[in-house]
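Read the structure below first, then the notes.
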């Protein structure tokens, strides 16, 4: 049986093998796995008679370097596990936050199978809707006079609702694409002077007033069209 040479002897006997693949650090286990694989491939390509010997040397090499590769693998797996657990923690916190929020809404502000969130912060109309959507909800769609009255009893100042005519001036639709006729209720403010909402006033915004709020005025909570760019509180709605 042919004796398997050690690494140093093998280096001397095989002049074609690149010294950089088995350098002085080889004795400390810091050898190159790609280098050993290159050795085997080159042996096959050149039909080297020492191919079997090369396999043996490669086997010894891989056996000697296994602990180092195991350490690297364990370190990589540990880092990946830490990141994975961190991501799960973040998702868990977000889930608990939303669940607690919806649970609170369910206990305090629900009406006929809907949950409502009345914000304490101020956003423009599009940002308000984006926030609601991020919670799995949307800006409120009012579909009955009783729902309007319920919401009116809960607010003390202006809140965005999901009504707008952004696509076509004068054609008011809800965020679920229902028209006012389809939703079955309208509560535009009517002034004593006779001029009622919506009036598309352009005094503060040249683009007009294309989004609606519910607002307390003259003893009533009614709808007003205002500029979508204004910062208002908002009402999110989610069915349950």
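In full-length UniProt numbering, the protein residues as written are 1 to 240.
For each residue, glycine too, the CB sits at the ideal point set by N, CA and C.
Which whole-angstrom value is the C-beta distance of residue i and residue j, which I expect to be below 8 Å?
i, j, result
"residue 225", "residue 198", "4 Å"
"residue 223", "residue 189", "6 Å"
"residue 130", "residue 163", "Contact doesn't hold; Cβ gap of about 17 Å is too wide."
"residue 122", "residue 232", "6 Å"
"residue 113", "residue 234", "About 21 Å; that fails the 8 Å criterion."
"residue 210", "residue 165", "5 Å"
"residue 141", "residue 175", "6 Å"
Check whether the Cβ atoms of residue i and residue j sit closer than 8 Å, and answer yes or no.
i, j, result
"residue 169", "residue 124", "no"
"residue 221", "residue 161", "no"
"residue 228", "residue 116", "no"
"residue 202", "residue 194", "no"
State the Cα-Cα distance for the pair residue i and residue j, rounded to the nearest angstrom.
i, j, result
"residue 260", "residue 186", "The structure shown does not extend to residue 260, since the chain spans only 1 to 240, so no value can be given for it."
"residue 177", "residue 183", "10 Å"
"residue 179", "residue 173", "4 Å"
"residue 73", "residue 84", "16 Å"
"residue 214", "residue 159", "5 Å"
"residue 147", "residue 77", "54 Å"
"residue 219", "residue 145", "17 Å"
"residue 134", "residue 230", "21 Å"
"residue 119", "residue 132", "10 Å"
"residue 242", "residue 181", "This structure does not reach residue 242, given that the chain is present from 1 up to 240, and the question cannot be answered."
"residue 136", "residue 70", "45 Å"
"residue 204", "residue 153", "29 Å"
"residue 192", "residue 167", "30 Å"
"residue 216", "residue 126", "22 Å"
"residue 110", "residue 80", "43 Å"
"residue 96", "residue 196", "Confidence at residue 96 is low in this model, with a pLDDT of 49, below 50, so the placement of that residue is unreliable and no value is reported for it."
Is residue i helix, strand or coil when you go by DSSP?
i, result
"residue 230", "coil"
"residue 202", "coil"
"residue 169", "coil"
"residue 130", "helix"
"residue 177", "coil"
"residue 225", "strand"
"residue 183", "helix"
"residue 212", "strand"
"residue 237", "strand"
"residue 149", "helix"
Answer with yes or no whether the minimum CB distance from residue i to chain B is below 8 Å.
i, result
"residue 197", "No chain B appears in the structure shown, which is made up of a single protein chain."
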